[in-house]
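A.B. asks: Just so we're aligned: 382 in the UniProt record's numbering is position 382 of the sequence shown, and the numbers increase by one with no gaps anywhere.
The beta-carbon is built from N, C-alpha and C at its ideal position, and this holds for glycine as well.
First, the structure itself, so that you have it in front of you.
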Amino acid sequence: MAFWRPGMDCWSPAPLGAPCDAQDLTYHDGCFWAVNPWEQLFCYKPEIAGADGALTVQHLVYQCCADQMTPPAPGEIVSRYLLPAASGEDLLMVKRFIDPARGGTRRFEVFRLEKQLGRTSWRLYKMEGQVLFVGRSCSKAFDTGRSGNPGYIYFLDDVYGGRPMSVLQQNEYPCTDMGGWSCSPDDEEIKRCLPWAHPSDSSPSIWYTATSTNCLLRTRAILPIQIIRISQLVILSLPGEFTTMVSRWLHDAVNNVLISGLNGELITNIHVVLVGLPNAYSQYVTTFKAYQGASTLYSPHTFESIHSRVSETCCSYGPTPTNIQPPDILDKQIRLLPGVVVDSTTPGVHFGDVSSDVAANSDFGKGSTVNATFHSTCPWNDLLTNGNFALVERLNGNSWIPAYDDDDWSLRFKWPRPLSPKSFPALEWTIPEDAAPGVYRLRHLGASKPLIGSIEHFTVDIPYQFHAVLTILRKWNEYEQ
1 MAFWRPGMDC
11 WSPAPLGAPC
21 DAQDLTYHDG
31 CFWAVNPWEQ
41 LFCYKPEIAG
51 ADGALTVQHL
61 VYQCCADQMT
71 PPAPGEIVSR
81 YLLPAASGED
91 LLMVKRFIDP
101 ARGGTRRFEV
111 FRLEKQLGRT
121 SWRLYKMEGQ
131 VLFVGRSCSK
141 AFDTGRSGNP
151 GYIYFLDDVY
161 GGRPMSVLQQ
171 NEYPCTDMGG
181 WSCSPDDEEI
191 KRCLPWAHPS
201 DSSPSIWYTA
211 TSTNCLLRTR
221 AILPIQIIRI
231 SQLVILSLPG
241 EFTTMVSRWL
251 HDAVNNVLIS
261 GLNGELITNI
271 HVVLVGLPNA
281 YSQYVTTFKA
291 YQGASTLYSP
301 HTFESIHSRV
311 SETCCSYGPT
321 PTNIQPPDIL
331 DKQIRLLPGV
341 VVDSTTPGVH
351 FGDVSSDVAA
361 NSDFGKGSTV
371 NATFHSTCPW
381 NDLLTNGNFA
391 LVERLNGNSW
401 IPAYDDDDWS
411 LRFKWPRPLS
421 PKSFPALEWT
431 IPEDAAPGVY
441 RLRHLGASKP
451 LIGSIEHFTV
461 DIPYQFHAVL
471 TILRKWNEYE
481 Q
């Protein structure tokens, strides 16, 4: 083991106490950590000292107590991995027990480094709400955002029966002992991803991302397929991006069913359109020969499955009964941003009140920009999916009708991140060239978060009191001359 930094002419060897047969190395809390087969822990802290920027390395050797560890069974090999926990606070050691005679990896144990009163020990670690990817010198922990989840470990095939670093002498990477392991005591079975097989152009998936034991569940196991017919126009709404050849085969399949009368009705001059708008996505869909590995999420047989289902649906010519529904995982989404604590306003002011209004009875021309500021809340409370934070409404008789919303390029909702619970977002509307003359108003919607209680939505719709009201383009010719 040696250290080097830019500008040095040569490597600096590690000081005395360098680990013998180090099984893994990681960086944590400003230090490099290594572990050997006897659970000895070696800590190296590089520092830049002196005016010349010389590199010095401080080192410590920990003789860790392991009274909570179970010994390996006869014939088992133990591989060790070091990595910081997802929180970054704890240093973890993962022990992997491999029995070559029984097919490879059998189980895992996870420990946390504990230092108390000069005594260092490895303590069993409850890996709740985390997923670990372990590999030689490249292990990583992630927080799943689900506190009640027992955790999951993914592992690669990097263990050999000889010296731990004998991988350098291997002629080929075996790829026969890799997969996942649940930390739940009720389900400790190894899920292998690549059982031994002869080399193939169509390799199975490396990671299982849609199994019930996976704590992420970010791959859909159920996908929608829609077929819409309008007279001689047939629209195939399928999840994914299809190659040209796949599109032709699907077109021919639908066309052959309909023109042959297999669905009970003979139709001629069929026009088949393939679109990818069924509210789902399955990445690329190719023919078996053009299989693109990781870019084809559901194996090389994805196209054959969709082709078969489309043909069956066309033949049935009607609603296809099914009791299979995609799972609702909205409550399982991972949110990385901190939550909103509370929203507040100045005493006597309500959410949605105008802070900076447009001048009353103002006239604006094409290309002019109108601004108004509101007493509002943090938009993180509710993203208003399929809704709007900002609206421009036009007076039509005695009622207001929507004219523009924040889907339009001309209207912008700007929320500066304040250092207080008070928010003052601005609505900025650049009057389009095709805007009709009339009386308009700006309208703001949102949701507030009290200190105690649930989120409350507000919609301010009292004209001339809580909205910025303006008159635009009373006479087009005056601005055009």
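I'd like the span of the beta strand (DSSP E) that includes T105, first residue to last.
C.D. replies: Run containing T105: 104-116, per the beta strand (DSSP E) assignment.
A.B. asks: Apart from the five residues on each side of it in sequence, which residues of its chain come closer than 7 Å, Cβ to Cβ, to T286?
C.D. replies: Excluding positions up to five away in sequence, the list reads T243, V246, Q292, T296, F303.
A.B. asks: Alpha carbon to alpha carbon, how far is A22 from A34? Give it in angstroms, no decimals.
C.D. replies: Their Cα atoms are separated by approximately 6 Å.
A.B. asks: For M8, count neighbouring Cβ atoms within 10 angstroms of its own Cβ and tell me buried if that reaches 16, exposed if not.
C.D. replies: It counts as exposed.
A.B. asks: Would you say N388 and E428 are within 8 Å of each other, going by their C-beta atoms?
C.D. replies: No.
A.B. asks: Compute the Euclidean distance between the alpha carbons of R220 and T346, then round it to the nearest angstrom.
C.D. replies: Their backbone Cα atoms lie some 46 Å apart in a straight line.
A.B. asks: Identify the residues that DSSP records as bridge partners of G180: which are they?
C.D. replies: DSSP, once it has assigned bridges, lists Y154, K191 as partnering G180.
A.B. asks: Could you give the C-beta distance for T385 and S448, rounded to a whole number, given that I count them as a contact under 8 Å?
C.D. replies: 18 Å between Cβ atoms; not a contact.
A.B. asks: Could you check the C-alpha separation between P379 and N149 for me, to the nearest Å?
C.D. replies: One C-alpha to the other measures close to 29 Å.
A.B. asks: Measure how close the beta-carbons of V110 and V131 come, nearest whole angstrom, since I'm counting them as under 8 Å.
C.D. replies: Not quite, the Cβ-Cβ distance comes to about 12 Å (not below 8 Å), so this is no contact.
A.B. asks: Considering only residues of the same chain and omitting the five flanking positions on each side of F142, which have a CB-CB separation below 7 Å?
C.D. replies: Cβ within range, chain order: A86, Q130, V131.
A.B. asks: Under the rule that 16 or more other beta-carbon atoms within 10 Å means buried, what is D328, buried or exposed?
C.D. replies: By the 10 Å Cβ count, D328 comes out exposed.
A.B. asks: Where residue 498 and S12 are concerned, what is the direct C-alpha to C-alpha distance, given to the nearest angstrom?
C.D. replies: Residue 498 lies beyond the range of the chain shown here (1 to 481); nothing can be said about it.
A.B. asks: So, at 8 Å on beta carbons, what are the nonlocal neighbours of I339 in its own chain, with the 5 sequence-adjacent residues on each side left out?
C.D. replies: First, the amino acid is wrong: residue 339 is Gly here, not Ile. Result list for G339: W380, in chain order.
A.B. asks: Report yes or no: do the region 417-426 and the region 344-362 share at least 3 C-beta pairs separated by less than 8 Å?
C.D. replies: Segments in contact, yes.
A.B. asks: Going by beta carbon distance, what residues of the same chain come within less than 8 Å of T213, once the five residues before and after it are set aside?
C.D. replies: Low confidence applies to T213: its pLDDT is 48, below 50, so where it sits in the model is not reliable enough to give any reading.
A.B. asks: Note down, in chain order, each residue of its chain lying with its Cβ closer than 7 Å to the Cβ of S79, except the 5 sequence neighbours on either side.
C.D. replies: For S79, where only same-chain residues beyond five positions count, the Cβ hits under 7 Å are Q23, R96, I98, V159.
A.B. asks: How long is the line joining the alpha carbons of M69 and T56, rounded to whole angstroms?
C.D. replies: Computed Cα separation, rounded: 35 Å.
A.B. asks: Buried or exposed for I48, going by 16 or more other Cβ atoms inside 10 Å?
C.D. replies: The residue in question, I48, is exposed, as its Cβ has fewer than 16 Cβ neighbours within 10 Å.
A.B. asks: Considering just the uninterrupted stretch of the alpha helix (DSSP H) at V310, what are its terminal residues?
C.D. replies: Segment 302-316, the alpha helix (DSSP H) holding V310.
A.B. asks: Does the contact criterion of 3 or more C-beta pairs under 8 Å hold for the region 273-281 versus the region 219-234?
C.D. replies: A contact exists between the region 273-281 and the region 219-234.
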